[in-house]
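Trainee:
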Amino acid sequence: MNRGLTLKFENLVQLHGACRQLHTLSYREVNRAQWKPVQSSAHPVWSVLQYPQFWQKDKLISIALSQHRHLATKEDTKKKKKKIPLTQGEVEIRQKMTIEELARAMGKDIDHVFEALLYTDVDLDSLEPDSILHEDHIKQIVKKSGMKYKSAKLKEEKERENTDAVKRPPADPALLTPRPPVVTILGHVDHGKTTLLDSLRKTQVASMEAGGITQHIGAFLVHLPSGEKITFLDTPGHAAFSAMRARGTHVTDIVILVVAAEDGVMQQTIESIQHAKSAGVPIVLAINKCDKPEADPERVKKELLAYDVVCEEFGGDVQAVNISALKGENLMVLAEAIVALAEMLELKADSTGLVEGTVIESRKDKGKGPLTTAIIQRGTLRKGCVLVAGKTWAKVRFMFDENGKAVDAASPGVPVEIMGWKEVPSAGDEILEVESEQRAHEVMAWRTYVEQQEKMKKDVEVIEAKQKEHRMEYEKQQQKLAHLTWRQRKAVLYKTNKHLMFSRPKERTEMDKNVLSVIVKGDVDGSVEAILNILDSYDADDECKLDIIHFGMGDISENDITLAEAFNGVVFGFSVKANESIKQLAAKKGIKIKLHNIIYKLIEDLKDELNSRLPPATVENTVGEASVLDTFSVTVGKNKIPVAGCRVQKGLLDKTMKFKLIRKGDVIWKGSLSSLKHHKDDVQVIKTGMDCGLSLDKSIQFNIGDEIICYEEKEVQQTTSWDPGF
């Protein structure tokens with residue numbers, strides 16, 4: 001105890017000496033002195049007092065100085081301001097900084113930035129660590145953090161050289177050689193397009209197609225008895241495949257418009273005419289199913305006049321051929337009409353130099369990898385050629401014809417299946433040959449750069465639009481708080497928004513029942529595209545949100561099941577398979593796999609899944625109706641209970657069911673009956689034409705003329721209002 005008092009006394013003595021020295025120093029220039037507050041030291045005096053033996057006298061003096069106000073002249077203040085550089089606490093900022101980058105520049109964690117954002121007009125719920133901040137908000141955050149900012153020196157970025165692959169200039173007409181015409185068969189679904197092509201090439205494609213409906217585009221080379229070659233593109237006629245039909249006309253020379261003689265002009269017939277007109281491609285009319293008794297070819301020709309398709313017999317330039325694709329009638333006449341039109345068009349191409357072509361369809365094969373069906377438009381494709389298409393490239397390893405037979409070369413106008421792609425290109429992509437693999441990498445780097453620049457531009461536009469919207473909301477909120485002091489405003493805003501800060505980063509802990517997450521897998525790129533186009537038309541998010549979490553080509557994989565489990569989703573497969581191990585894994589994890597070969601059945605199944613996610617609707621079924629003829633009250637204990645004298649007009653009144661009181665068309669009350677009597681006897685049921693007395697809640701008063709409705713509630717399954725259009 002005595003030792004402790006001794007230590008305290010020694011400390012006080014030392015502190016007293018330090019204060020005397022401070023007093024002496026402070027009066028050196030007392031005539032021009034002014035008071036100036038100083039920042040508190042990181043080492044408080046009490047910590048020094050506990051261990052005085054470790055501190056030298058001059059250190060103790062400096063601590064004492066930092067704990068008290070000291071006198072500084074104006075000249076000293078100016079000198080100190082000049083001497084101390086503002087390097088500490090300065091943040092170097094630049095445009096388009098992300099939250100993560102700003103936190104790193106400030107030496108803070110991400111939560112600090114989110115906390116500072118609470119006092120801005122930014123919507124925190126839309127931000128992630130990699131979100132780009134506006135320059136004004138960056139400056140506000142730095143200021144709120146008690147720091148200063150300086151703009152980073154902008155490096156003058158040289159304009160990047162365009163290294164993309166481009167088509168060659170037009171060839172010398174002397175080098176051009178004849179090529180087979182590319183003919184696209186268009187028409188309404190089930191009007192016989194595939195059967196026609198099947199008859200021409202003598203194979204059984206139609207029987208292989210699911211439901212007899214072409215599901216994706218096919219390209220085939222047909223050899224006619226006359227020795228002529230014609231490349232045919234068979235496009236789907238179903239409403240879902242509009243984009244694929246448009247793509248077929250883009251690479252074609254002649255369009256065969258197939259119209260069934262008994263059906264006439266239909267929806268996809270009109271659309272096919274529009275595709276041909278927009279592409280500037282001549283049309284040959286094939287009126288199919290003329291062997292049927294109800295066939296009327298003349299009616300078809302007259303109907304087409306309304307769509308500017310004028311046959312030769314009406315003074316137009318469209319050849320019309322009556323055929324029966326199933327029986328093979330007049331097919332050679334149709335082929336001769338195509339050959340004659342091709343000769344008039346003088347179709348020629350340059351078969352030398354670098355290859356140019358178009359992807360007709362693409363798919364993933366388990367053994368061969370990514371494959372594309374392409375039409376060569378210039379040059380001759382051979383093994384070893386390096387190609388670029390879209391965002392991928394290939395070194396051609398093998399080529400196959402429409403029968404799966406390997407070929408060594410493909411000349412202009414010839415369809416070929418190409419093997420060797422690094423990734424699956426999109427249908428419709430332009431194929432260009434480049435000199436080397438290094439050149440292919442340069443092209444891919446440029447295209448990736450262009451895509452990133454476009455994405456960044458779109459992101460900035462979206463961010464600016466959101467910031468403008470939230471700035472307006474913020475200004476409205478500030479106006480509401482205008483009567484408060486700035487401290488009170490800060491407190492209110494912090495209390496209102498602090499939960500948003502602690503919810504970073506977002507974690508999906510539970511799934512919303514009103515969300516259907518789907519994974520779409522298809523056999524080829526065009527099929528997946530068609531399904532996605534249909535899903536893009538979904539417009540019932542207020543009922544059930546449709547979330548496409550993944551799509552691609554190939555069979556159902558373990559990754560698809562894992563992803564579906566994470567999002568509580570459903571896997572939809574179109575013309576693909578799921579092996580037994582995948583099915584067992586899905587069953588174990590409770591994941592649904594829906595496999596289909598016909599597109600409209602897949603969409604119907606998806607609609608059923610949407611319906612299952614909708615909450616059941618409660619429907620009221622009226623059981624009976626009664627009218628109030630008289631009113632009176634009865635005394636039960638100390639309470640007076642209103643009673644209605646009623647007559648059942650329709651159905652029956654069942655005491656166990658629900659009732660409602662309607663007055664002048666408005667529902668006054670809903671609930672259960674307190675009592676139901678007939679001639680002073682308690683009863684459960686009153687039938688049509690019978691009189692009764694009933695009471696509801698004691699606070700409800702009856703009026704003569706009121707209606708009493710007896711009803712039961714049933715839950716029924718709701719159905720989505722989304723209409724995919726077929």
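If you count the sequence shown from 1, position 584 lands on 584 in full-length UniProt numbering, and the numbers rise without skipping.
C-beta atoms are modelled at their ideal positions from N, C-alpha and C, and glycine is treated no differently.
1) Less than 8 Å between the CB atoms is what I'm expecting for L186 and A261, so what's the real figure, rounded?
2) Thinking just about the alpha-carbon of each residue, which of D706, V623, V683 and Q684 is nearest to the one in residue 810?
3) Under the three-state reduction of DSSP, which class applies to K155: helix, strand or coil?
4) What three-state label does DSSP hand K457 in the structure shown?
5) Figure out for me which residue from I556, T562 and I591 has the closest Cα to the Cα of A578.
6) On the CB-based measure, 16 or more other CB atoms within 10 Å of its CB, does N403 come out buried or exposed?
7) Under a Cβ-count criterion, where at least 16 other Cβ atoms within 10 Å of its own Cβ denotes burial, should E713 be classed as buried or exposed?
8) Residue range of the beta strand (DSSP E) that Q649 falls in?
9) Pairing CB atoms from the segment 443-453 with CB atoms from the segment 367-379, are three or more of them under 8 Å?
10) Could you tell me the boundaries of the alpha helix (DSSP H) in which H112 lies?
11) Are there 16 or more other CB atoms within 10 angstroms of the CB of R363, so buried, or fewer, so exposed?
12) Cβ atoms of P181 and I338: under 8 Å apart, would you say?
13) What residue range is occupied by the uninterrupted alpha helix (DSSP H) comprising E529?
14) Starting from N621, follow the beta strand (DSSP E) in both directions and report where the run begins and ends.
15) Under 6 Å Cβ to Cβ from K670, same chain only, skipping five residues before and after it: list those, please.
16) So which of V460, F574, G353 and D317 has the shortest CA-CA distance to E135?
17) Three or more beta-carbon pairs under 8 Å between the segment 280-291 and the segment 186-196, yes or no?
18) Note the first and the last residue of the continuous alpha helix (DSSP H) segment covering S351.
19) Could you pull the start and end residues of the beta strand (DSSP E) that M344 belongs to?
20) To the nearest angstrom, how far is the alpha carbon of E543 from that of I561?
21) Out of G413, N621 and M419, point me to the one whose CA is closest to K405's CA.
22) What's the C-alpha gap between K78 and G107?
23) Between the alpha carbons of T688 and S612, how many angstroms are there, rounded?
24) Can you tell which of K366, V355 and C385 has its C-alpha closest to the C-alpha of L432?
25) Measure the Cβ-Cβ separation of V570 and L516 and say whether it is below 8 Å.
26) The alpha helix (DSSP H) with S436 in it runs from where to where?
27) In three-state DSSP terms, what is I61?
28) Using 8 Å for Cβ pairs, my map puts K655 next to L673. What's the rounded Cβ distance?
29) Please state the DSSP three-state secondary structure of L484.
30) Return yes when the Cβ of D121 is within less than 8 Å of the Cβ of R447, no when it is not.
31) What distance in whole Å lies between the Cβ atoms of V359 and D429, which are believed to be in contact at a cut-off of 8 Å?
32) Assign N322 to one of two classes, buried (16 or more other C-beta atoms within 10 Å of its C-beta) or exposed (fewer than that).
33) Would you tell me roughly how many angstroms separate the C-alpha atoms of V492 and E100, rounded to the nearest one?
Mentor: Reading from the atomic positions:
1) The Cβ separation is near 17 Å, so there is no contact.
2) The chain is shown only over 1 to 726; residue 810 falls outside these bounds and no answer can be derived.
3) Per-residue confidence for K155 stands at a pLDDT of 48, beneath the threshold of 50, marking its modelled position as unreliable; no derived number is given.
4) helix
5) I556
6) exposed
7) exposed
8) N639 to D654
9) no
10) I110 to L117
11) buried
12) yes
13) D525 to D536
14) A617 to V636
15) K660
16) V460
17) yes
18) Where S351 is concerned, there is no enclosing alpha helix (DSSP H), given that its DSSP letter is neither H nor E.
19) Not the beta strand (DSSP E): M344 falls in the alpha helix (DSSP H), residues L331 to L345.
20) 26 Å
21) M419
22) Per-residue confidence for K78 stands at a pLDDT of 43, beneath the threshold of 50, marking its modelled position as unreliable; no derived number is given.
23) 39 Å
24) V355
25) yes
26) Counting along the chain, S436 falls outside any alpha helix (DSSP H), and DSSP gives it neither H nor E.
27) Any reading at I61 is ruled out, since the residue's pLDDT is 40, under 50, leaving its predicted position unreliable.
28) 5 Å
29) coil
30) no
31) 5 Å
32) buried
33) 27 Å
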